[in-house]
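**Q** Before anything else, here's the structure in question.
Protein chains in written order, with our numbering: chain A, 102 to 286; chain B, 1011 to 1242.
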């Protein structure tokens, strides 16, 4: 029986630099795939706009609140926006909250009603959960006594608005333009 | 605008350009989603609104948005080639959607008083100097209010400035509005960075000439007329 000849080990013809190149290419491809996955899952955010309506029992409606750029109107608008800023910037949604703006004041039997627009950036795959979170944060916060804002029970939850319409409303105030360079004053 | 500088994007989001056959002829200010305020003399030649196109945004060549004109309402007492009552409102065929780059300017109350030497801005795509080139990018320059008394002195405009006009610029000349800026805004900001439309670029002798500052239609003087035409 012929002892089968042992095949001479085939000499490996891959040069070290080829091996290094292939490993680098594979690692690079993996990094890109993982990077894209992380981006689209965690970072690919979209802007969402929600209408909210609040009740301010301690303030009576006055016609001055419908005069554009009146001091009463601008002061109260700023106060409400600051209130909503504080609520969300101290919440689990602080990385998603962008801004809020009063769009309208309305008279009501229980005081004053304020319609607001709230702007968030949410990852596409988690919108409903985060929107529910926003609702529950507002409900929890506005139940506490020390805050002057209350939920308007006739419109208790955030309602989504399309972007163009929301941006139209957010930018419908007059006179917002160049920030006067402070030094120039 | 003589001796000015290019405006940053969205600095003057109410500024619009009135064009015929794609050529910029006048400026205008957005005062409502469907209304512009401009000068009556812009329509001395082309009175048919259908000939005009309105463009928005900081550059003429690539506008943010354009609209056609539905109607032009010129002040009843305006007479061509005269300076009095040089004001007109323009209705757009459809409302614009406001955005960070497209907003309206505030209109002052009729009682609003502005003091001489108050700092104001005038903006436009007019010539960069008398008989000079026209820019593609919106230009801005900061000037000052000059009292009508000073402007009516013999060596300035010798009594030609009426109460419906406002004078702004410098007696030393240089910084000024120029040909093609007509109809554009002269604005002032309040202590909360809210801008109000004080004047509409109307006339002047040359651009940036000594003792010949720019003359603007005084918006407060026509505040009730504007309200009666636009309900704004």
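Backbone N, C-alpha and C fix where the C-beta goes; we use that ideal spot for every residue, glycine too.
Bear in mind that the values here come from a model prediction, so they are computed numbers and not experimental data.
(1) By the criterion of Cβ-Cβ separation under 7 Å, what are the contact partners of residue 1107/B in chain A?
(2) Determine the closest residue to residue 1034/B out of 1021/B, 1183/B, 1143/B, 1118/B, with distance taken between C-alpha atoms.
(3) Just checking: is the beta-carbon of residue 1023/B within a distance shorter than 7 Å of some beta-carbon in chain A?
(4) Report the rounded CA-to-CA distance for residue 239/A versus residue 188/A, giving the unit in angstroms.
(5) How would you call residue 104/A, buried or exposed, if buried means at least 16 neighbouring beta carbons within 10 angstroms?
(6) So, is residue 1025/B buried or exposed, given that buried needs 16 or more other C-beta atoms within 10 angstroms?
(7) Could you give the residue range of the beta strand (DSSP E) that holds residue 215/A?
(8) Under 8 Å Cβ-Cβ, which residues of chain B neighbour residue 281/A?
(9) Quick check: is the beta carbon of residue 1115/B nearer than 7 Å to any beta carbon in chain A?
(10) Taking Cβ-Cβ distances shorter than 8 Å, what residues in chain A pair up with residue 1110/B?
(11) Grouping DSSP H, G and I as helix and E and B as strand, with all else coil, what is residue 140/A?
(12) Looking only at DSSP bridge pairs, what is residue 1142/B linked to?
(13) When the Cβ atoms of the segment 1046-1063 of chain B are set against those of the segment 1135-1150 of chain B, are three or more pairs found closer than 8 Å?
(14) Rounded to whole angstroms, what's the CA-CA distance from residue 253/A to residue 1095/B? Just pull it up for me.
(15) Counting only beta-carbon atoms, is residue 276/A nearer than 7 Å to chain B?
(16) How long is the line joining the alpha carbons of residue 183/A and residue 229/A, rounded to whole angstroms?
(17) My parser needs the alpha helix (DSSP H) runs of 4 or more residues fully inside the segment 1025-1076 of chain B; what are they?
(18) Whose C-beta lies closer than 6 Å to the C-beta of residue 1086/B among residues of the same chain, with five residues either side of it excluded?
(19) Write down every uninterrupted run of the beta strand (DSSP E) in the segment 1104-1168 of chain B whose length is 3 residues or greater and which is fully enclosed by it, in chain order.
(20) Determine the burial state of residue 1191/B: buried for a count of at least 16 other Cβ atoms within 10 Å of its Cβ, exposed for fewer.
(21) Using CA atoms only, rank isn't needed, just tell me which of 175/A, 167/A, 123/A is closest to residue 207/A.
(22) Which residues of chain A have a Cβ atom closer than 8 Å to the Cβ of residue 1283/B, listed in chain order?
(23) Is there a Cβ of chain B sitting closer than 7 Å to that of residue 170/A, yes or no?
(24) What does the alpha-carbon distance come out to for the pair residue 1228/B and residue 1197/B?
(25) Between residue 153/A and residue 248/A, is the Cβ-Cβ spacing less than 7 Å?
(26) How would you list, in chain order, the residues of chain A whose beta-carbon sits under 7 Å from the beta-carbon of residue 1206/B?
(27) Do residue 256/A and residue 236/A have their C-beta atoms closer together than 7 Å?
(28) For the candidate residues 169/A, 165/A, 132/A, 244/A, whose alpha-carbon lies nearest to that of residue 156/A?
(29) Alpha carbon to alpha carbon, how far is residue 1102/B from residue 175/A?
(30) Could you please give the first and the last residue of the uninterrupted alpha helix (DSSP H) stretch that includes residue 264/A?
(31) From the DSSP output, read off the bridge partner residues of residue 158/A.
(32) For residue 1165/B, which residues in the same chain have their Cβ closer than 8 Å to its Cβ, ignoring the five residues on either side in sequence?
(33) Alpha carbon to alpha carbon, how far is residue 123/A from residue 281/A? Give it in angstroms, no decimals.
(34) Using 8 Å as the Cβ pair cut-off and three pairs as the minimum, do the segment 1109-1121 of chain B and the segment 263-279 of chain A touch?
(35) Find the residues of chain B that neighbour residue 148/A, judging by a C-beta separation of less than 9 Å, and give them in chain order.
(36) Is the beta carbon of residue 1189/B less than 7 Å from the beta carbon of residue 1136/B?
**A** Looking at the atomic coordinates:
(1) Here the neighbours are 265, 269.
(2) 1143/B
(3) True, the Cβ-Cβ gap to chain A drops below 7 Å.
(4) 8 Å
(5) The predicted position of residue 104/A is uncertain, since its pLDDT is 49 and thus under 50; a value taken from the coordinates is nonetheless stated next. Exposed, because fewer than 16 other Cβ atoms sit within 10 Å of the Cβ of residue 104/A.
(6) Classification of residue 1025/B: buried, given that the 10 Å Cβ count is 16 or more.
(7) 212-224
(8) 1199, 1203
(9) yes
(10) 268, 272
(11) In this structure, residue 140/A counts as helix in the three-state DSSP scheme.
(12) Looking at the DSSP assignment, residue 1142/B forms no beta bridge with any residue, so it has no partner.
(13) no
(14) 49 Å
(15) yes
(16) 25 Å
(17) You should have found no qualifying run.
(18) none
(19) 1129-1134, 1149-1156
(20) buried
(21) 167/A
(22) Because chain B is modelled from 1011 through 1242, residue 1283/B falls outside the range shown and cannot be assessed.
(23) yes
(24) 11 Å
(25) no
(26) Neighbours of residue 1206/B on chain A, chain order: 276.
(27) Taking C-beta atoms as the reference points, residue 256/A and residue 236/A fail to come closer than 7 Å.
(28) 244/A
(29) 29 Å
(30) Taken as a continuous stretch (DSSP letters only), the alpha helix (DSSP H) holding residue 264/A covers 264-271.
(31) For residue 158/A, no pairing in a beta bridge is given by DSSP.
(32) 1221
(33) Between residue 281/A and residue 123/A, the C-alpha separation is close to 57 Å.
(34) yes
(35) By Cβ distance, chain B contributes nothing, its closest Cβ being about 13 Å from residue 148/A, past 9 Å.
(36) yes
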